[in-house]
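Student:
2 protein chains.
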Amino acid sequence: VTASADPVAFSDPVYREAVVDLLAAVGYGEISAFERLAEDAKLAPSLEDKLVLATFASQQIGKVASLRTRLEELGADPFAAMESFRDGFEAFHAHTAPSDWWEGLVKAYVGDGLANDFYREIAAFLDPDTRDLVLTSLEDTGHAGFVVERVRAGIAEDPRLAGRLALWGRRLVGEAISQTQHVLADRDSLTRLLVAGTGDLSGVGALIERITDKHAERMRALGLDS
Amino acid sequence: VTASADPVAFSDPVYREAVVDLLAAVGYGEISAFERLAEDAKLAPSLEDKLVLATFASQQIGKVASLRTRLEELGADPFAAMESFRDGFEAFHAHTAPSDWWEGLVKAYVGDGLANDFYREIAAFLDPDTRDLVLTSLEDTGHAGFVVERVRAGIAEDPRLAGRLALWGRRLVGEAISQTQHVLADRDSLTRLLVAGTGDLSGVGALIERITDKHAERMRALGLDS
Numbered sequence: 412v413t414a415s416a417d418p419v420a421f422s423d424p425v426y427r428e429a430v431v432d433l434l435a436a437v438g439y440g441e442i443s444a445f446e447r448l449a450e451d452a453k454l455a456p457s458l459e460d461k462l463v464l465a466t467f468a469s470q471q472i473g474k475v476a477s478l479r480t481r482l483e484e485l486g487a488d489p490f491a492a493m494e495s496f497r498d499g500f501e502a503f504h505a506h507t508a509p510s511d512w513w514e515g516l517v518k519a520y521v522g523d524g525l526a527n528d529f530y531r532e533i534a535a536f537l538d539p540d541t542r543d544l545v546l547t548s549l550e551d552t553g554h555a556g557f558v559v560e561r562v563r564a565g566i567a568e569d570p571r572l573a574g575r576l577a578l579w580g581r582r583l584v585g586e587a588i589s590q591t592q593h594v595l596a597d598r599d600s601l602t603r604l605l606v607a608g609t610g611d612l613s614g615v616g617a618l619i620e621r622i623t624d625k626h627a628e629r630m631r632a633l634g635l636d637s
Numbered sequence: 412v413t414a415s416a417d418p419v420a421f422s423d424p425v426y427r428e429a430v431v432d433l434l435a436a437v438g439y440g441e442i443s444a445f446e447r448l449a450e451d452a453k454l455a456p457s458l459e460d461k462l463v464l465a466t467f468a469s470q471q472i473g474k475v476a477s478l479r480t481r482l483e484e485l486g487a488d489p490f491a492a493m494e495s496f497r498d499g500f501e502a503f504h505a506h507t508a509p510s511d512w513w514e515g516l517v518k519a520y521v522g523d524g525l526a527n528d529f530y531r532e533i534a535a536f537l538d539p540d541t542r543d544l545v546l547t548s549l550e551d552t553g554h555a556g557f558v559v560e561r562v563r564a565g566i567a568e569d570p571r572l573a574g575r576l577a578l579w580g581r582r583l584v585g586e587a588i589s590q591t592q593h594v595l596a597d598r599d600s601l602t603r604l605l606v607a608g609t610g611d612l613s614g615v616g617a618l619i620e621r622i623t624d625k626h627a628e629r630m631r632a633l634g635l636d637s
């Protein structure tokens with residue numbers, strides 16, 4: 412634990428476990444995003460686009476180190492902790508393998524957007540150090556702007572794309588909700604933190620509504636119905 | 412052309428073409444190395460190893476930007492120039508797809524080692540600015556040490572691995588030589604630079620011998636016969 416972390420908070424084993432779970436989920440998510448973006452890079456229509464995707468993939472990997480360090484400071488085995496999220500992530504990816512460049516772009520933006528909003532909501536309940544670490548890890552490195560520009564241009568060129576990608580966006584949300592439920596069902600500490608942080612079930616409802624609103628905003632930015 | 416580049420050298424169109432070809436080959440090689448290391452990362456026996464490979468992949472991508480900038484300064488389309496090397500690289504990779512984690516590790520070290528030694532030999536004939544750019548792009552970021560340590564440990568645990576990987580190393584050299592010959596056959600500018608730089612055919616022979624010696628050193632470092 413760093414000197415500035417709240418020692419009282421971390422003396423609570425349930426709180427510590429929730430923080431380890433969250434940092435590990437974000438970390439596994441970054442490694443997983445690297446893998447997915449490296450796969451998507453293969454679908455790129457040009458070498459320049461391939462380099463853009465490979466660069467985004469690389470930026471994800473650059474973010475893992477600080478999470479790993481913090482997990483070690485918390486006395487956790489960072490790889491064991493991250494590994495425990497593998498099944499959830501792999502199930503999500505297995506059910507949402509993009510069939511082309513467009514689906515890959517939308518998935519990276521919409522899927523990561525949903526996950527990141529969820530992590531940000533949980534981060535709000537945490538001590539300032541952990542919160543800052545999580546928020547820094549989730550900062551966009553220009554990926555969103557690239558996807559929005561490309562997808563809008565793609566739809567302008569072929570308007571039929573919009574219907575297909577709107578359906579794809581809905582499928583991504585459905586799978587994301589389903590996998591998040593599965594993961595939370597196995598993580599008492601995170602569920603408790605979520606309920607304690609939001610106050611009650613109506614607080615959880617409001618949180619879901621905020622995440623849904625932001626998802627709809629992203630779909631609008633892409634020029635798609637949500 | 413930057414202020415410090417030799418204007419006399421670049422007023423020679425054959426020299427300029429050779430430099431464009433070399434920078435483009437190194438650049439395509441880095442994008443290709445990213446793709447290959449990202450594939451190898453899937454074969455990693457642990458999440459920690461996967462992160463190491465993903466980190467090496469990311470470092471390759473970080474090196475492309477300066478080559479791209481220089482290609483633009485030379486008035487070349489950087490992506491068209493790099494793309495012209497695709498067939499050669501893809502043919503090499505198609506003939507040397509690793510079947511497991513060990514073959515992937517050896518290929519990354521032995522294959523990149525051969526290519527980098529070849530680029531370094533050519534770079535020695537170039538103006539100082541271009542030479543420095545190429546040499547910086549080829550600097551090892553810890554990859555070699557990781558591979559040597561892992562492969563030696565792997566052989567210590569299963570001595571039969573040594574025979575299989577020694578054969579694999581020979582196959583990699585054979586394919587590398589074959590593809591380099593194909594690429595050079597289409598690149599008059601590079602071939603001329605090579606012959607002019609080495610002086611004559613016996614100079615070319617000495618160059619090949621230096622590259623072969625360094626390859627044998629790498630195989631010895633791995634604990635393998637070359």
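If you read the sequences in order, they're chains A and B. Throughout, the working numbering is defined as the position within the first sequence, counted from one, plus 411. Throughout, the working numbering is defined as the position within the second sequence, counted from one, plus 411. Just so it is clear, CB atoms sit at the ideal spot from N, CA and C, and this is done for glycine as well.
What does a CB cutoff of less than 6 Å around V412 of chain A pick up in its chain, not counting 5 residues either side in sequence?
Tutor: Here the question's residue 412 of chain A lines up with position 1 in the first sequence. With a pLDDT of 44 at V412 of chain A, under the threshold of 50, the predicted position of this residue should be treated as unreliable, though the coordinate-derived value follows. Only F421, E484 meet the Cβ criterion.
Student: Taking Cβ to Cβ, would you say R542 of chain B is nearer than 9 Å to A429 of chain B?
Tutor: The residue given as residue 542 of chain B occupies position 131 in the second sequence. The residue given as residue 429 of chain B occupies position 18 in the second sequence. Their beta carbons are not under 9 Å apart, which means R542 of chain B does not touch A429 of chain B by this criterion.
Student: By Cβ distance below 7 Å, which residues in the same chain neighbour E628 of chain B in space, the five residues on each side in sequence not counted?
Tutor: As a first step, residue 628 of chain B must be located in the second sequence, where it is residue number 217. Answer for E628 of chain B: no residue qualifies.
Student: Could you tell me which chain A residues have their CB closer than 8 Å to the CB of V606 of chain B, listed as they occur along the chain?
Tutor: Along the second sequence, one-based indexing puts residue 606 of chain B at 195. Those within 8 Å of V606 of chain B in chain A number zero; the least Cβ separation is about 30 Å.
Student: Please state whether DSSP places T591 of chain B in a helix, a strand or coil.
Tutor: The residue labelled residue 591 of chain B in the question sits at position 180 within the second sequence. If DSSP states are grouped into helix, strand and coil, T591 of chain B belongs with the helices.
Student: Considering only the alpha carbon of each residue, which of B:L478, B:G524, B:W579 lies closest to R621 of chain B?
Tutor: Here residue 621 of chain B corresponds to residue number 210 of the second sequence, with the count starting at 1. Here the closest residue by C-alpha is B:G524.
Student: From the DSSP output, in three-state form, read off S457 of chain A for me.
Tutor: Position 46 of the first sequence, counting from 1, holds the residue named residue 457 of chain A. In this structure, S457 of chain A counts as coil in the three-state DSSP scheme.
Student: Within 10 angstroms of its Cβ, does P489 of chain A collect 16 or more other Cβ (buried), or is it exposed?
Tutor: As a working note, residue 489 of chain A is residue 78 in the first sequence. Buried is the call here.
Student: Three-state secondary structure (DSSP) at K474 of chain A?
Tutor: The residue you call residue 474 of chain A lines up with position 63 of the first sequence. Note: K474 of chain A maps to coil in three-state DSSP.
Student: For F445 of chain A, return the contacting residues in chain B, with the cut-off set at a CB-CB distance below 7 Å.
Tutor: By 1-based counting over the first sequence, the position of residue 445 of chain A is 34. Listed along the chain, the chain B residues whose CB falls inside 7 Å of the CB of F445 of chain A are A465.
Student: Please list the terminal residues of the continuous alpha helix (DSSP H) segment that includes F356 of chain B.
Tutor: Because chain B here runs from 412 to 637, residue 356 of chain B falls outside it and cannot be looked at.
Student: For F536 of chain B, report the span of its alpha helix (DSSP H) as first-last.
Tutor: The residue given as residue 536 of chain B occupies position 125 in the second sequence. First-last for F536 of chain B: undefined, no H or E at that position.
Student: So A635 of chain B packs on E494 of chain A, CB below 8 Å; how close in whole Å?
Tutor: Translated into positions along the second sequence, residue 635 of chain B becomes position 224. Translated into positions along the first sequence, residue 494 of chain A becomes position 83. Here residue 635 of chain B is Leu; the residue named in the question, Ala, does not match the sequence. The pair is not a contact, with the Cβ atoms about 32 Å apart (cut-off 8 Å).
Student: Given that a residue counts as buried once 16 or more other Cβ atoms are within 10 Å of its Cβ, and exposed if not, what is L578 of chain A?
Tutor: Residue mapping note: residue 578 of chain A aligns to position 167 of the first sequence, counting from 1. L578 of chain A should be labelled exposed.
Student: I need the straight-line Cα distance from T480 of chain A to G610 of chain B, nearest angstrom please.
Tutor: As a position in the first sequence, residue 480 of chain A is number 69, starting the count at 1. As a position in the second sequence, residue 610 of chain B is number 199, starting the count at 1. Between the alpha carbons of T480 of chain A and G610 of chain B lies a gap of roughly 53 Å.
Student: Taking 6 Å as the limit between beta carbons, can you name the residues of its chain near A436 of chain A, skipping five residues before and five after?
Tutor: In the first sequence, counting from the first residue as 1, residue 436 of chain A sits at position 25. These residues qualify, in order along the chain: F496.
Student: Does the count of Cβ pairs from the segment 440-447 of chain A and the segment 556-569 of chain A closer than 8 Å reach three?
Tutor: They do not touch, by the three-pair rule.
Student: Classify A587 of chain B: buried if its beta carbon has 16 or more other beta carbons within 10 angstroms, exposed otherwise.
Tutor: Taking the second sequence and counting its residues from 1, the one referred to as residue 587 of chain B is at position 176. The residue is buried, with at least 16 neighbouring Cβ atoms inside 10 Å.
Student: Below 7 Å on C-beta distance, what does K461 of chain B contact in chain A?
Tutor: To locate residue 461 of chain B, count along the second sequence from 1; it is residue 50. The answer, in chain order, is I442.
Student: Ignoring anything shorter than 4 residues or poking outside the segment 545-581 of chain A, list the alpha helix (DSSP H) runs there in chain order.
Tutor: 554-568
Student: Taking the continuous alpha helix (DSSP H) assigned at R629 of chain B, which residues delimit it?
Tutor: Within the second sequence, residue 629 of chain B is the residue found at index 218, counting from 1. Looking at the DSSP string, the run of the alpha helix (DSSP H) that includes R629 of chain B is 612-633.
Student: Using only CA atoms, which one of A:V584, A:A596, A:G616, A:L612 lies nearest to S637 of chain A?
Tutor: To locate residue 637 of chain A, count along the first sequence from 1; it is residue 226. Answer by Cα proximity: A:V584.
Student: Check distances from the C-beta atoms of the segment 476-503 of chain A to those of chain B and list, in chain order, the residues that come in under 9 Å.
Tutor: A476, R479, P489, F490, A491, M493, E494, R497
Student: Taking C-beta pairs closer than 7 Å, name the residues in chain B that L544 of chain A reaches, listed in chain order.
Tutor: Mapped onto the first sequence, residue 544 of chain A falls at position 133. In chain B, no part has a C-beta under 7 Å from the C-beta of L544 of chain A; the shortest such distance is about 18 Å.
Student: Report the option in B:E450, B:I533, B:L462, B:E441 whose CA atom is closest to the CA atom of F557 of chain B.
Tutor: Indexing the second sequence from 1 puts residue 557 of chain B at position 146. Among B:E450, B:I533, B:L462, B:E441, the Cα nearest to that of F557 of chain B is on B:L462.
Student: Between T547 of chain B and K625 of chain B, is the Cβ-Cβ spacing less than 9 Å?
Tutor: On the second sequence, residue 547 of chain B is found 136 positions in, with the first residue counted as 1. On the second sequence, residue 625 of chain B is found 214 positions in, with the first residue counted as 1. No.
Student: Is the CB-CB distance between D606 of chain B and G614 of chain B below 9 Å?
Tutor: Within the second sequence, the letter at position 195 stands for residue 606 of chain B. Within the second sequence, the letter at position 203 stands for residue 614 of chain B. One point to set straight first is that residue 606 of chain B is Val, not Asp, in the sequence displayed. For V606 of chain B and G614 of chain B, yes; Cβs fall inside 9 Å.
Student: Would you say I472 of chain A reaches chain B, if we count a Cβ-Cβ gap shorter than 9 Å as a contact?
Tutor: Counting from one through the first sequence, the residue named residue 472 of chain A turns up at place 61. Yes - at least one Cβ of chain B is within 9 Å of the one on I472 of chain A.
Student: Name the two residues that bound the continuous alpha helix (DSSP H) containing L516 of chain A.
Tutor: The residue given as residue 516 of chain A occupies position 105 in the first sequence. Looking at the DSSP string, the run of the alpha helix (DSSP H) that includes L516 of chain A is 512-517.
Student: Under DSSP, the alpha helix (DSSP H) around P489 of chain A begins and ends at which residues?
Tutor: The sequence position of residue 489 of chain A within the first sequence is 78, counting from 1. 489-494 is the extent of the alpha helix (DSSP H) around P489 of chain A.
Student: Nearest to S510 of chain A by CA position, among A:L454, A:D538, A:A491, is which residue?
Tutor: Here residue 510 of chain A refers to the residue found at position 99 when the first sequence is read from its first residue. Cα-wise, what sits closest to S510 of chain A is A:L454.
Student: Are the CB atoms of Q592 of chain A and F500 of chain A within a distance shorter than 9 Å?
Tutor: In the first sequence, the residue the question calls residue 500 of chain A occupies position 89. In the first sequence, the residue the question calls residue 592 of chain A occupies position 181. No, Cβ-Cβ distance for F500 of chain A and Q592 of chain A is not below 9 Å.
Student: Name the residue from B:G574, B:D538, B:A534, B:S469 whose alpha carbon lies nearest to the alpha carbon of V517 of chain B.
Tutor: Numbered from 1 along the second sequence, position 106 holds the residue referred to as residue 517 of chain B. The shortest C-alpha separation from V517 of chain B is found at B:G574.
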